[in-house]
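Participant: In order, the protein sequence lines correspond to chains P and W.
Okay, so the first sequence: first residue is 115 according to the working numbering, each after it adds one.
Okay, so the second sequence: first residue is 302 according to the working numbering, each after it adds one.
Structure incoming, see below.
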Amino acid sequence: MKLNLKIWRQAGPNAKGRMVDYKIDGVESDMSFLEMLDLLNEKLIGKGDEPIAFDHDCREGICGMCSLFINGEAHGPDRLITTCQLHMRKFNDGDTITIEPWRANAFPVIKDLIVDRSALDRIQQAGGYISVNTSGRSVDANNIPIPKKDADMAFDAATCIGCGACVATCKNASAMLFVSAKVAQFALLPQGRVEAAKRVQDMVAAMDAEGFGSCTNTGACEVECPKGISLTNIAILNKEFLLAQTK
Amino acid sequence: MTILKTSVAKKVAMALSGLFLVVFLLLHLAINLTLIYPGKETFDAAVEFMGTNPLIQVMQPILFLGFIFHIIMGIYLEWTNRSKRSVKYVKNNQAVASSWASRNMIWTGLFVLVFLALHLFNYFVPFKTQDVSDHYALVTGLFKNPVYTLLYVLAFVLLGIHLSHGFQSAFQSLGTPREKCNKFLVCCGYIFAIVIAVGFSAVAVYFYFN
Numbered sequence: 115m116k117l118n119l120k121i122w123r124q125a126g127p128n129a130k131g132r133m134v135d136y137k138i139d140g141v142e143s144d145m146s147f148l149e150m151l152d153l154l155n156e157k158l159i160g161k162g163d164e165p166i167a168f169d170h171d172c173r174e175g176i177c178g179m180c181s182l183f184i185n186g187e188a189h190g191p192d193r194l195i196t197t198c199q200l201h202m203r204k205f206n207d208g209d210t211i212t213i214e215p216w217r218a219n220a221f222p223v224i225k226d227l228i229v230d231r232s233a234l235d236r237i238q239q240a241g242g243y244i245s246v247n248t249s250g251r252s253v254d255a256n257n258i259p260i261p262k263k264d265a266d267m268a269f270d271a272a273t274c275i276g277c278g279a280c281v282a283t284c285k286n287a288s289a290m291l292f293v294s295a296k297v298a299q300f301a302l303l304p305q306g307r308v309e310a311a312k313r314v315q316d317m318v319a320a321m322d323a324e325g326f327g328s329c330t331n332t333g334a335c336e337v338e339c340p341k342g343i344s345l346t347n348i349a350i351l352n353k354e355f356l357l358a359q360t361k
Numbered sequence: 302m303t304i305l306k307t308s309v310a311k312k313v314a315m316a317l318s319g320l321f322l323v324v325f326l327l328l329h330l331a332i333n334l335t336l337i338y339p340g341k342e343t344f345d346a347a348v349e350f351m352g353t354n355p356l357i358q359v360m361q362p363i364l365f366l367g368f369i370f371h372i373i374m375g376i377y378l379e380w381t382n383r384s385k386r387s388v389k390y391v392k393n394n395q396a397v398a399s400s401w402a403s404r405n406m407i408w409t410g411l412f413v414l415v416f417l418a419l420h421l422f423n424y425f426v427p428f429k430t431q432d433v434s435d436h437y438a439l440v441t442g443l444f445k446n447p448v449y450t451l452l453y454v455l456a457f458v459l460l461g462i463h464l465s466h467g468f469q470s471a472f473q474s475l476g477t478p479r480e481k482c483n484k485f486l487v488c489c490g491y492i493f494a495i496v497i498a499v500g501f502s503a504v505a506v507y508f509y510f511n
């Protein structure tokens with residue numbers, strides 16, 4: 115398979131970036147998208163050029179490290195997958211593929227296709243936890259009966275891997291889907307209710323302070339999310355936020 | 302007022318002001334439809350009621366403030382949201398993940414605003430400042446102008462598109478349990494959007510041809 119690639123190259127955080135054209139040959143249809151980039155990098159290194167920097171870690175769709183805006187979509191033209199799970203069989207011989215980093219002021223480019231997503235970590239640190247003494251005498255969480263429906267919804271929210279595709283795809287660069295998943299996974303469970311009001315207010319304040327946009331309910335985040343995090347979580351966040359004002 | 306500084310509270314304020322305007326639209330449509338049926342007498346009585354009823358007189362400035370708030374907040378939110386992505390994508394395939402209506406609320410809203418200004422100038426200002434003896438003739442007379450009627454229909458089609466997203470979006474912002482009532486609210490939103498767009502347009506087209 116021969117491909118034409120248009121890739122964002124940027125030497126550093128303050129350097130001026132630009133799209134660079136590459137031609138690549140010998141791409142197999144069963145390669146993952148990242149393996150295709152590995153192949154390109156080997157060729158670049160062989161020629162003495164600077165390889166393209168991109169984020170990756172587990173390559174199993176669970177760590178949340180890989181990103182990439184491929185042909186105008188976060189994680190490329192497939193659903194419920196991360197970029198590492200995208201295979202080249204989704205493309206055709208001779209295709210032109212545009213590859214860009216996540217674009218949001220809250221996600222500044224570090225180099226080439228790598229962006230700094232630590233803003234999401236800081237939102238998490240603002241309240242995405244429960245205060246439990248883990249001295250060894252803590253009660254087993256499974257001792258508390260929880261309705262199956264609530265447990266399932268909390269688990270679904272907790273499957274968010276924090277990749278930032280929701281921010282990347284949102285026209286407002288809003289992090290609401292991420293924040294709502296982190297709020298809902300606790301709000302739905304009895305252990306999370308204790309600090310629920312403070313959590314939602316602190317996490318929303320942190321989200322705003324990091325410079326993300328506001329949610330206008332376009333629903334693009336839900337479509338592009340590799341874990342299928344539902345917009346239901348955003349409704350839960352909104353409800354939790356309103357309830358918190360009464361406390 | 303510090304609560305209004307958070308992004309979520311601004312969404313809630315947009316939702317509440319939007320739903321308030323939705324109630325006004327229904328009332329306005331009900332009065333407009335009396336132009337066709339039962340006809341002139343009922344319409345004149347409705348105009349008389351709107352002009353003299355004390356509750357309506359109290360609600361009028363509140364409605365005006367509701368409009369101003371929804372418009373200014375909408376423009377402000379669009380402006381700030383646009384500033385959150387300084388470097389745009391070279392290729393952005395937005396249409397695969399979200400509806401045109403949801404991405405263009407600002408443009409459908411601004412067009413309706415332009416129409417609203419024209420509407421106030423053509424009808425509401427003469428109604429308030431001059432001694433209009435025949436409201437029925439004033440309203441139906443305006444629809445004899447093809448440009449005005451075309452603009453009127455276009456404004457309500459765009460308002461319908463605005464409402465098709467805005468109605469269900471407002472409930473989402475207010476935190477209604479989505480898993481239980483999302484399909485119902487989306488359905489209600491589409492029906493409401495069609496009723497408003499077709500209802501207002503039908504009156505204009507009817508009087509253009511009759």
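Cβ atoms here follow ideal geometry from the backbone N, Cα and C, with glycine treated the same way.
1) Buried or exposed, going by whether 16 or more other CB atoms sit within 10 Å of the CB of P304/P?
2) Suppose only complete runs of 3+ residues qualify. What are the beta strand (DSSP E) ranges in the region 132-201 of chain P, listed by chain order?
3) Going by CA-CA distance only, name the one from M179/P, L356/P, A265/P that's closest to H170/P.
4) Please name the residue or residues paired with N118/P in a DSSP beta bridge.
5) Entirely within the region 442-487 of chain W and at least 4 residues each: give me those alpha helix (DSSP H) ranges in chain order.
6) Among all the DSSP beta bridges, which residues are the ones paired with G327/P?
7) Where T210/P and N155/P are concerned, what is the direct C-alpha to C-alpha distance, given to the nearest angstrom?
8) So I224/P is in the beta strand (DSSP E); what residue range does that whole segment cover?
9) Keeping to the same chain, check which residues put their C-beta closer than 6 Å to that of Y453/W; ignore five residues upstream and five downstream.
10) Excluding the five sequence neighbours on either side, which residues of its own chain have a C-beta within less than 6 Å of the C-beta of T343/W, listed in chain order?
11) Give me the chain P residues within the contact set of V388/W, using Cβ-Cβ distance strictly less than 7 Å, ordered along the chain.
12) Please compile the residues from chain P whose C-beta is within a distance smaller than 9 Å of the C-beta of T512/W.
13) Are the C-beta atoms of A334/P and some chain W residue less than 7 Å apart?
14) Given Q238/P, which residues of its chain have a CB within under 7 Å of its CB, disregarding the five upstream and five downstream residues?
15) Could you check whether S399/W and H466/W sit closer than 7 Å to each other, using their CB atoms as the reference points?
16) Between the C-alpha atoms of L305/W and K311/W, what's the straight-line distance to the nearest angstrom?
17) Could you check whether A316/W and S474/W sit closer than 7 Å to each other, using their CB atoms as the reference points?
18) Can you tell me the Cα-Cα spacing of C284/P and L443/W, whole angstroms?
19) Check the Cβ-Cβ distances between S328/P and every residue of chain W, and say whether any is below 7 Å.
20) From what residue to what residue does the alpha helix (DSSP H) around G352/W run?
21) Just the Cα atoms here: how many angstroms apart are E349/W and K429/W?
22) Comparing alpha-carbon positions, which option in D207/P, M290/P, E164/P, F147/P lies nearest F183/P?
23) Quick one: measure Cβ to Cβ for E309/P and I260/P, integer angstroms, because I've assumed they're closer than 8 Å.
24) Starting from S387/W, trace the alpha helix (DSSP H) in both directions and tell me its first and last residue.
25) Keeping to the same chain, check which residues put their C-beta closer than 7 Å to that of G325/P; ignore five residues upstream and five downstream.
26) Give the single residue among P127/P, N118/P, I166/P whose Cα lies nearest to the Cα of I138/P.
27) Any C-beta of chain P sitting closer than 7 Å to the C-beta of N393/W?
28) Taking only beta-carbon positions, decide if V229/P is within less than 7 Å of chain W.
29) Compare the C-beta of N206/P against all C-beta atoms of chain W and say whether one is closer than 7 Å.
Facilitator: On the basis of the supplied data:
1) For this step, residue 304/P is matched to residue 190 along the first sequence. Per the 10 Å Cβ criterion, exposed.
2) 132-138
3) As a working note, residue 170/P is residue 56 in the first sequence. Nearest of M179/P, L356/P, A265/P to H170/P, Cα basis: M179/P.
4) Taking the first residue of the first sequence as position 1, residue 118/P is located at position 4. K137/P, T210/P, per the DSSP bridge assignment.
5) 447-474
6) Numbered from its first residue, the first sequence carries residue 327/P at position 213. According to DSSP, G327/P bridges with S288/P.
7) Against the first sequence, residue 210/P aligns to sequence position 96. Against the first sequence, residue 155/P aligns to sequence position 41. Those two C-alpha atoms are separated by around 18 Å.
8) Within the first sequence, residue 224/P is the residue found at index 110, counting from 1. Segment 223-225, the beta strand (DSSP E) holding I224/P.
9) Position 152 of the second sequence, counting from 1, holds the residue named residue 453/W. Excluding residues within five positions, the ones whose Cβ falls inside 6 Å are A505.
10) Position 42 of the second sequence holds residue 343/W. Hits under 6 Å: T335.
11) Against the second sequence, residue 388/W aligns to sequence position 87. Going along chain P in sequence order, the residues near V388/W (Cβ under 7 Å) are R217.
12) In the structure displayed, chain W extends from 302 to 511; residue 512/W sits before or after that span and is not available.
13) To locate residue 334/P, count along the first sequence from 1; it is residue 220. Yes, because at least one Cβ of chain W sits closer than 7 Å to the Cβ of A334/P.
14) What you label residue 238/P is simply residue 124 of the first sequence in a count that begins at 1. The residues are K296.
15) Translated into positions along the second sequence, residue 466/W becomes position 165. Translated into positions along the second sequence, residue 399/W becomes position 98. Cβ distance not < 7 Å, so H466/W and S399/W don't count as in contact.
16) For the purposes of this step, residue 305/W is taken as the residue at position 4 of the second sequence. For the purposes of this step, residue 311/W is taken as the residue at position 10 of the second sequence. So the two alpha carbons sit approximately 6 Å from each other.
17) The count along the second sequence starts at 1 and reaches residue 474/W at position 173. The count along the second sequence starts at 1 and reaches residue 316/W at position 15. Cβ distance < 7 Å, so S474/W and A316/W count as in contact.
18) For the purposes of this step, residue 284/P is taken as residue 170 along the first sequence, with counting starting at 1. For the purposes of this step, residue 443/W is taken as residue 142 along the second sequence, with counting starting at 1. About 42 Å.
19) The residue labelled residue 328/P in the question sits at position 214 within the first sequence. Closer than 7 Å to some Cβ of chain W, the Cβ of S328/P qualifies, so yes.
20) Position 51 of the second sequence, counted from the first residue, corresponds to residue 352/W. 341-353 is the extent of the alpha helix (DSSP H) around G352/W.
21) Locating residue 349/W in the second sequence gives position 48, where the first residue counts as 1. Locating residue 429/W in the second sequence gives position 128, where the first residue counts as 1. Their Cα atoms are separated by approximately 12 Å.
22) If you number the first sequence from 1, residue 183/P lands on position 69. The residue with the shortest Cα to Cα distance from F183/P is F147/P.
23) Residue mapping note: residue 309/P aligns to position 195 of the first sequence, counting from 1. Residue mapping note: residue 260/P aligns to position 146 of the first sequence, counting from 1. No, E309/P and I260/P are not in contact; Cβ-Cβ is about 17 Å, not under 8 Å.
24) One-based indexing of the second sequence puts residue 387/W at position 86. That residue, S387/W, is in no alpha helix (DSSP H); it is neither H nor E in DSSP.
25) Taking the first sequence and counting its residues from 1, the one referred to as residue 325/P is at position 211. Same-chain partners within the cutoff: N219, A220.
26) The residue given as residue 138/P occupies position 24 in the first sequence. Selected option, being the one with the closest Cα: N118/P.
27) Locating residue 393/W in the second sequence gives position 92, where the first residue counts as 1. For N393/W, the answer is yes, since a Cβ of chain P falls inside 7 Å of its Cβ.
28) Locating residue 229/P in the first sequence gives position 115, counting from the first residue. Taking Cβ atoms only, chain W never reaches closer than 7 Å to V229/P, which makes this a no.
29) Residue numbering aside, residue 206/P sits at position 92 when the first sequence is read from its first letter. Not an interface residue.
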